[in-house]
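Structure first, commentary second.
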Amino acid sequence: MGIRLPFMVLHAKQILKSTSQNVHNRNKYNVPKGHVAVYVGELQKKRFVVPISYLNHPSFLDLLNHTQEEFGFNHSMGALTILCKEDAFITLTSQLSAS
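FYI, in full-length UniProt numbering the residues of the sequence shown are 1 to 99.
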């Protein structure tokens, strides 16, 4: 498990880099510096913008690890996609922002 976490962070950074290089997406989906857009949901995906610092938080890494183990990271959305219930993601990010 410890070996996969650096891989997931690296993969997330690669996705961010490729997404940020697309000028059309930059204009259409403006993401503030120091943040990352993620798509969350099981069937219908909702876009969230979260601080990049969340990518290093153990709880967020657990969520990424679970998503990677269950589904992989190759999704048609073309961005970081987290397959979990939206309510669970909101609860997690609320806890992270409060700490």
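Glycine residues also receive a C-beta, built at the ideal position from the N, C-alpha and C atoms.
Provide the residue(s) that pair with residue i in DSSP beta bridges, ordered along the chain.
| i | result |
| --- | --- |
| T67 | Partner(s): none; T67 has no beta bridge. |
| H35 | P51 |
| I90 | BP columns for I90 are empty, so no partner. |
| K46 | V40 |
Among the options, which residue has its Cα nearest to the Cα of residue i?
| i | options | result |
| --- | --- | --- |
| C84 | G34, H66, V50, S99 | H66 |
| T91 | I52, V40, Q44, V31 | V40 |
| residue 117 | A79, A37, E86, S59 | Missing from the structure shown is residue 117; the chain here goes from 1 to 99 and no further. |
Can you give me the C-alpha to C-alpha distance between residue i and residue j, rounded to a whole angstrom?
| i | j | result |
| --- | --- | --- |
| S99 | Y54 | 11 Å |
| A37 | T81 | 9 Å |
| Q68 | K33 | 25 Å |
Hey, would you say residue i sits closer than 8 Å to residue j, going by beta carbons?
| i | j | result |
| --- | --- | --- |
| H57 | L96 | yes |
| residue 167 | T93 | The requested residue 167 is not part of the displayed model; the chain covers only 1 to 99. |
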